[in-house]
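Peer 1: Reading the sequence shown from the start, the letters are residues 61 to 165 in the numbering used here.
I have a structure I would like to understand better, so I am pasting it below and will then ask my questions one at a time.
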Amino acid sequence: MASPLSSRARSYLRGLAHHLEPVVQVGAAGLTDAVARAVTIALEDHELVKVQLPKGLAPRERAQLAADLAAKTDSHLVHRIGRRIVLYRARRRDDPHRPRIELPG
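Below is the structure:
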């Protein structure tokens, strides 16, 4: 992944993600290729996505799963609270019909 997000950018993205609902749910099978593909597609479409992790994982396991998912999808882990995580990846293709998220300097 490119350079890490600044605390200001991370805070800005958390604010944008506040109203979002999870678009991908990780099942009991954990981080599968299908889950990684679904998150990658969601990131290409939205840049900022909320993901729900499975029940029954210890906090340390959730943290590891979140880090693994961010690494596998080449995205930034913006926020993690309980079973929900927020991932960000700048859109790689320019699309005039979809605005990009402009991060604060």
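The C-beta atom is built at its ideal place from N, Cα and C for all residues, glycine as well.
In the DSSP assignment, find the unbroken alpha helix (DSSP H) run with Val95 in it and report its ends.
Peer 2: Here residue 95 is taken as the residue at index 35 of the sequence shown, counted from 1. Here the alpha helix (DSSP H) through Val95 covers 93 to 106.
Peer 1: Taking 8 Å as the limit between beta carbons, can you name the residues of its chain near Glu107, skipping five residues before and five after?
Peer 2: The count along the sequence shown starts at 1 and reaches residue 107 at position 47. Here the set comprises Tyr148, Arg149, Ala150, Arg151, Arg160, Ile161.
Peer 1: Can you tell which of Pro119, Leu129, Gly142, Ser135 has the C-alpha that lies nearest to the C-alpha of Arg70?
Peer 2: Looking up residue 70 in the sequence shown gives position 10. For the residues Pro119, Leu129, Gly142, Ser135, the minimum Cα distance to Arg70 belongs to Ser135.
Peer 1: How many angstroms separate the CA atom of Thr92 from the CA atom of Arg143?
Peer 2: As a working mapping, residue 92 is identified with position 32 in the sequence shown. As a working mapping, residue 143 is identified with position 83 in the sequence shown. The alpha-carbon atoms of Thr92 and Arg143 are separated by roughly 17 Å.
Peer 1: Look up Val83 in the DSSP assignment and give the residues it is bridged to.
Peer 2: Against the sequence shown, residue 83 aligns to sequence position 23. Per DSSP, none; premise fails for Val83.
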